[in-house]
DNA sequence: ACAGCTCAATTAGTATGACAATAACACCGT
DNA sequence: ACGGTGTTATTGTCATACTAATTGAGCTGT
């Protein structure tokens, strides 16, 4: 119907741009996003059979090739499964690949609930605490120096976007210093998502909050530099839960 | 070449069966696996342009439809990116979706190195420690009872496969009790992968090791039942690192 | 009336060939 | 030397077949 229409990808666009993703404007990506959003939002419920090829063909006005490639992409992300004579079924949520950038973006596009953000923050705590501890044991002096420098840049940030970028960079440095590719991959994803959601509630306009945030990040960097895994754990937990509390508090106040 | 041939998916098959995946034997999945393995193994290096459509068409002897759907699936998993006139490029590893069941399976198919397994175990520690702590705070009495019952079944296991299944079930119960869908999703994936790798080094044939393993799992369940998040953390860390140490030790001993 | 079988209908899977859009590169005019 | 322009290779899209798999209805034999 409104295929050529509004194309309102608000938070999805933000996440997409943060992740360095090329928002290619090809047909199959349009269909993909529309179907992905419909599934994640529950308009196509779990276990439900979605319309047959020919009906979707009509609805989107694209060729079978395009439709099928979009469906294959959804299948690759674990959202659907196609079987002959049955149709294409929406898989239960526990089969979805929640750590896929697109799937996450679809959740955010729909205006994620606080419980969703909390779950994500909990994952972040688990992963990054461990990453900080590993970094304390493994990182080279120049890695630690880069972290300290990054904290200084955070302290000097003047806009929320600036602050968010340096914050992101800091956590990325820690993840990289952990020497664990999974840590780097997952924390990049989660941070990207949460940053998109939390940039609004930045501490840059509140000098006291800014000082606290910068201070706790400095504690992380110094603990890592000193090889103190235990202190690094504690400081990282503080940093993340503080950030979440601040954002969640503001969310509940505003909406 | 040997498209119709041996189809030797050893550890991949194990992971596939554990994950309840239907190993559909359609053409596009054959092409997908062959290309996926080639990329993960580095036969198509990061940043490299892989052969054009027409060349791959010849090589695999399939239609363009099939080839393109396989490529779209790889693109959905972040392994490749196609651009007109440029070709299809293998993306850098940090863009790969390492938490995809297929991608993990390809790594295991190639005989994962100890460092790879260690990285996975580290992720598991981070995630499951947090899951155990959350479970301690949130779970209902009947959840804790189910965990205790599961520990009993572990203690009574007689074959490595039995033990692995109950072990898996235990950690699944913890993840579910945490109330965090991401925890459940990621721990399911990681456990599945590590179980496939570690079933060999099961403690069932060593009564002393079995007692230790069962004991530490019982400590987890009891801490969760008592709402003691701190104790749950400690016990979970012990459980996972013990398991990894045992498996890694055996791997290095055997070759 | 029942059990089992066969066959038709439906749906996804595969094949093929054509054309459109894109972008690197060589070419040409200035 | 430079800037615009056309060529061309490569992916993107379309349309139309045909194949394979699987369900379910209807048929058949007992």
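Protein chains in written order, with this note's numbering: chain A, 840 to 1094; chain B, 840 to 1094. Where a beta carbon is used, it is the ideal one built from N, C-alpha and C, also for glycine. On a predicted model such as this, the values are computed, not experimentally measured, just so you know.
Per DSSP, reduced to three states, the secondary structure at residue 998(A) is coil, with no helix or strand assignment. For residue 1084(A), no Cβ of chain B is located within less than 8 Å of the residue's own Cβ.
The beta carbon of residue 945(B) sits closer than 6 Å to those of 875, 876 and 879, all from its chain and outside the five residues before and after it, given in chain order. Listed along chain B are 937, 938, 958, 959, 961 and 962, each with a C-beta nearer than 8 Å to that of residue 1021(A). Chain-ordered, the chain A residues with CB closer than 8 Å to the CB of residue 912(B) read 911, 912, 914 and 915.
Closest option to residue 1066(A), judged by alpha-carbon separation, among 950(A), 974(A), 1005(A) and 881(A): 974(A). Contact between the segment 1053-1061 of chain B and the segment 986-993 of chain B is present: 3 or more CB-CB pairs across the two stretches fall below 8 Å.
With a cutoff of 8 Å on beta-carbon distance, residue 1071(B) and residue 972(B) are scored as near each other. Per DSSP, residue 928(B) is not a residue of any alpha helix (DSSP H); the beta strand (DSSP E) it occupies stretches across 926-929.
Distance between residue 869(B) and residue 930(A), taken at the CA atoms: about 22 Å. Chain-order list of chain B residues neighbouring residue 874(A): empty, with the shortest C-beta distance near 13 Å, by a criterion of under 9 Å.
Taking a contact as a CB-CB distance under 8 Å, the pair residue 965(B) and residue 968(A) counts as one, their CB atoms being some 6 Å apart. Residue 864(B) carries a coil assignment under DSSP once its states are collapsed to helix, strand and coil. With the rule of 3 Cβ pairs closer than 8 Å, the segment 1040-1058 of chain A counts as touching the segment 997-1006 of chain A. For residue 914(B), the CB contacts under 7 Å within the same chain, skipping 5 residues up- and downstream, are 920 and 921 in chain order. DSSP places residue 977(B) inside the alpha helix (DSSP H), whose first and last residues are 953-977. Secondary structure of residue 921(A) (DSSP, three-state): strand. Assigned with DSSP and collapsed to three states, residue 937(A) falls in coil, not helix or strand. The beta carbon of residue 965(B) sits closer than 8 Å to some beta carbon of chain A. For residue 907(B), the C-beta contacts it makes with chain A under 7 Å involve 908, in order along the chain. Along the segment 1023-1088 of chain A, the alpha helix (DSSP H) occurs as fully enclosed runs of 4 or more residues at 1046-1064, listed in sequence order.
Its chain contains 960, 963, 964 and 967 as the residues whose beta carbon lies nearer than 7 Å to that of residue 1079(A), once the 5 sequence neighbours on both sides are disregarded; these appear in chain order. Per DSSP, reduced to three states, the secondary structure at residue 949(A) is coil, with no helix or strand assignment.
Within chain B, the residues placing a beta-carbon under 8 Å from that of residue 973(A) are 961, ordered along the chain. For residue 905(B), the enclosing alpha helix (DSSP H) starts and ends at 903-915. Where residue 893(B) is concerned, the enclosing alpha helix (DSSP H) starts and stops at 892-899.
Residue-level contact check: residue 952(B) does not touch chain A, since none of the beta carbons of chain A fall below 8 Å from its beta carbon. Residues are counted here when their Cβ sits less than 9 Å from a Cβ of chain B; for the segment 1040-1051 of chain A the count is zero. A buried status is given to residue 1018(A), since no fewer than 16 other beta-carbon atoms sit within 10 Å of its beta-carbon. Between residue 994(B) and residue 1053(B), the CB-CB gap stays under 8 Å.
Beyond the five residues adjoining it in sequence on each side, residue 1030(B) comes within less than 6 Å, by CB distance, of 1007 and 1010 in the same chain, given in chain order. If you draw a straight line from the Cα of residue 886(A) to the Cα of residue 1016(A), it is about 42 Å long.
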